[in-house]
Amino acid sequence: MPIFEFHCHSCNQEFEKLVFGADPEVECPHCGQNKVEKLMSACTAKVGGKLTSTSSGGGSSCAGCSSGSCSTCG
Ligand SMILES: [Zn+2]
């Protein structure tokens, strides 16, 4: 949902409005003026950290004798 924050220069009020266009005409709901400035949305969260892949050994080897093809302890 493209909800942006706006700041009205006429009455110094901030409000949120649902907009669809890239540069829509937004009127202030408090005073009705269109002297509003679109603020940066707070929804742009930075994603940090690395995706760690844990490798826990092979899946085919026997855990008892560490052999690939085990027939005595399996
Ligand atoms: Zn206003």
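Taking this note's numbering, the leading residue of the sequence shown gets 60, the next gets one more, and so forth. Quick reminder that beta carbons are idealized off the backbone N, C-alpha and C, glycines included.
Heavy atom of ligand 1 less than 6 Å from the Cβ of residue i, yes or no?
{"i": "residue 89", "result": "yes"}
Can you name the start and end residues of the beta strand (DSSP E) that residue i belongs to?
{"i": "residue 86", "result": "No beta strand (DSSP E) contains residue 86, which DSSP labels as neither H nor E."}
Using 7 Å as the threshold, is the C-beta distance between residue i and residue j below it?
{"i": "residue 96", "j": "residue 66", "result": "yes"}
{"i": "residue 98", "j": "residue 75", "result": "no"}
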